[in-house]
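Worksheet for the structure shown next.
Protein chains in written order, with the numbering used here: chain A, -3 to 122; chain B, 549 to 793.
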């Protein structure tokens, strides 16, 4: 497909997906996102990019799943991606919360231990 | 076996730890600690200060023989109690009694908990406001809630529990070992019953006297209570559905 025949919306999609891809790569490079979490974002970016460049793909796909209006199929897919991403984040947050609790408890226990040791030391110093 | 009717001390070492979870209880904590020391001279006391922003910890430290753990973040009652369980296991205590920092629990009733544990040979005893003793005035709404929980516990774990949310409890080492690993942060009391039963441990209940709160408000207001009920029921159902690990 020659570049001249791209619609405005295709250009928009291409620019948007490039912004996503470049930001994600930048964030991973700066260690602001873990590689593990970057994967889903890269997939979303690539998906938007491919769908924008090859218009026929989206139309073929929507015909395949029986959706008349091709952009709806596109939105449905993106929303599905977003749900997966959110679910993934909820799992991560729950894990962090459990770790956080264990560490908080350990800090409390250790503080008391330090206090006891300090008390014992001042007693032997006297 | 010797009849065990309460906490004991062998060669100066107590076998029982009273854990007092406290969050902003500066008005109540002094009375609670005084009362525990007066009626149970043979126990050790641990106050778990759940990141209070008043002088709870300062007051607790005034007491001789009271250990204080200051948590650096607020974990809620479940996280605070679990800290106490971990401490008790580290220090080889045989029993833990939870006595809330708000003064509702009556320390002289701890003997009743021990008696029940001895009688029933169980691993956790719950002090119930609603069993036998008739000192606790309560609303119709609350009674409904209690009925719902009673049926739920009977259906799910085949145990008769009238006061599943009561925090006044005696745990032995076996149940401490389970709860030091798994203790939910938000609604730990009903959840712990299911958890212990799933680990093949025995749970019993005994009627005790409890007081109305002296200072401060209950965390559960009438508007929030259906929401609270729903969340607790959900927690119980989930902990039933969870595989034993």
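Think of the CB as a built atom: it goes at the ideal place given N, C-alpha and C, for glycine as much as any other residue.
Minimum C-alpha distance to residue i - residue among the options
i: residue 586 of chain B; options: B:601, B:611, B:607 and B:595; result: B:611
i: residue 745 of chain B; options: B:671, B:690, B:713 and B:735; result: B:671
i: residue 663 of chain B; options: B:626, B:636, B:754 and B:777; result: B:754
i: residue 552 of chain B; options: B:731, B:666, B:687 and B:733; result: B:666
i: residue 758 of chain B; options: B:593, B:696, B:597 and B:655; result: B:655
i: residue 65 of chain A; options: A:75, A:7 and A:54; result: A:54
i: residue 779 of chain B; options: B:721, B:735, B:554 and B:760; result: B:735
i: residue 14 of chain A; options: A:28, A:94 and A:42; result: A:42
i: residue 8 of chain A; options: A:27, A:35, A:60 and A:46; result: A:46
i: residue 77 of chain A; options: A:37, A:17, A:92 and A:56; result: A:37
i: residue 84 of chain A; options: A:4, A:33 and A:104; result: A:33
i: residue 74 of chain A; options: A:95, A:59, A:40 and A:17; result: A:40
i: residue 675 of chain B; options: B:790, B:622, B:600 and B:751; result: B:751
i: residue 577 of chain B; options: B:604, B:555 and B:588; result: B:604
i: residue 725 of chain B; options: B:634, B:562, B:619 and B:617; result: B:634
i: residue 555 of chain B; options: B:729, B:657 and B:727; result: B:657
i: residue 749 of chain B; options: B:723, B:760, B:728 and B:727; result: B:723
i: residue 709 of chain B; options: B:673, B:624 and B:570; result: B:673
i: residue 620 of chain B; options: A:91, A:6, A:109 and A:104; result: A:104
i: residue 719 of chain B; options: B:570, B:687 and B:740; result: B:740
i: residue 44 of chain A; options: A:61, A:59, A:6 and A:108; result: A:6
i: residue 638 of chain B; options: A:63, A:62, A:108 and A:3; result: A:108
Cβ-Cβ separation, residue j to residue i (assumed contact under 8 Å), whole Å
i: residue 640 of chain B; j: residue 678 of chain B; result: At roughly 34 Å, the Cβ-Cβ gap does not stay under 8 Å, so residue 640 of chain B and residue 678 of chain B are not in contact.
i: residue 631 of chain B; j: residue 101 of chain A; result: 4 Å
i: residue 629 of chain B; j: residue 696 of chain B; result: That pair is no contact at about 24 Å.
i: residue 661 of chain B; j: residue 645 of chain B; result: 7 Å
i: residue 626 of chain B; j: residue 698 of chain B; result: Their Cβ separation, rounded to whole angstroms, is 22 Å, which puts residue 626 of chain B and residue 698 of chain B out of contact at 8 Å.
i: residue 588 of chain B; j: residue 566 of chain B; result: 7 Å
i: residue 599 of chain B; j: residue 575 of chain B; result: That pair is no contact at about 18 Å.
i: residue 649 of chain B; j: residue 568 of chain B; result: 5 Å
i: residue 72 of chain A; j: residue 57 of chain A; result: Not a contact, Cβ separation roughly 10 Å.
Cα-Cα separation, residue i to residue j
i: residue 607 of chain B; j: residue 580 of chain B; result: 11 Å
i: residue 115 of chain A; j: residue 788 of chain B; result: 45 Å
i: residue 12 of chain A; j: residue 111 of chain A; result: 57 Å
i: residue 1 of chain A; j: residue 50 of chain A; result: 11 Å
i: residue 67 of chain A; j: residue 21 of chain A; result: 27 Å
i: residue 636 of chain B; j: residue 642 of chain B; result: 8 Å
i: residue 614 of chain B; j: residue 774 of chain B; result: 38 Å
i: residue 691 of chain B; j: residue 716 of chain B; result: 19 Å
i: residue -3 of chain A; j: residue 733 of chain B; result: Its pLDDT being 49, under 50, residue -3 of chain A is placed unreliably by the model, and the measurement read from it follows with that caveat. Going from the Cα of residue -3 of chain A to the Cα of residue 733 of chain B covers about 58 Å.
i: residue 738 of chain B; j: residue 694 of chain B; result: 11 Å
i: residue 558 of chain B; j: residue 591 of chain B; result: 11 Å
i: residue 785 of chain B; j: residue 597 of chain B; result: 30 Å
i: residue 594 of chain B; j: residue 721 of chain B; result: 17 Å
i: residue 683 of chain B; j: residue 118 of chain A; result: Unreliable placement is indicated for residue 683 of chain B, whose pLDDT of 46 sits below 50; the coordinate value is still reported in the next sentence. Spanning the two alpha carbons is a distance of roughly 49 Å.
i: residue 742 of chain B; j: residue 23 of chain A; result: 45 Å
i: residue 601 of chain B; j: residue 48 of chain A; result: 55 Å
i: residue 790 of chain B; j: residue 782 of chain B; result: 12 Å
i: residue 87 of chain A; j: residue 94 of chain A; result: 11 Å
i: residue 652 of chain B; j: residue 582 of chain B; result: 14 Å
i: residue 703 of chain B; j: residue 772 of chain B; result: 26 Å
i: residue 562 of chain B; j: residue 120 of chain A; result: 24 Å
i: residue 760 of chain B; j: residue 701 of chain B; result: 25 Å
i: residue 28 of chain A; j: residue 727 of chain B; result: 36 Å
i: residue 17 of chain A; j: residue 91 of chain A; result: 27 Å
i: residue 714 of chain B; j: residue 609 of chain B; result: 27 Å
i: residue 25 of chain A; j: residue 705 of chain B; result: 52 Å
i: residue 10 of chain A; j: residue 106 of chain A; result: 54 Å
i: residue 549 of chain B; j: residue 669 of chain B; result: Its pLDDT being 46, under 50, residue 549 of chain B is placed unreliably by the model, and nothing is read from it.
i: residue 35 of chain A; j: residue 571 of chain B; result: 42 Å
Residue i: contacting residues in chain B (beta-carbon distance under 8 Å)
i: residue 104 of chain A; result: 596, 617, 618, 619, 620 and 631
i: residue 120 of chain A; result: Under the 8 Å cutoff, chain B gives no residues; its nearest Cβ is about 19 Å from residue 120 of chain A.
i: residue 101 of chain A; result: 619, 623, 627, 630, 631 and 634
For residue i, the residue or residues it bridges with in DSSP
i: residue 675 of chain B; result: B:754
i: residue 569 of chain B; result: B:596
i: residue 720 of chain B; result: B:643
i: residue 616 of chain B; result: B:595
i: residue 601 of chain B; result: According to DSSP, residue 601 of chain B bridges with nothing at all.
i: residue 561 of chain B; result: B:558
i: residue 653 of chain B; result: B:758
7 Å Cβ cut-off: residues of chain A touching residue i
i: residue 733 of chain B; result: 97
9 Å Cβ cut-off: residues of chain B touching residue i
i: residue 108 of chain A; result: 594, 615, 616, 617, 618 and 635
Beta carbon proximity, residue i to chain D, threshold 9 Å
i: residue 706 of chain B; result: This model lacks chain D altogether; the protein chains it does include are A and B.
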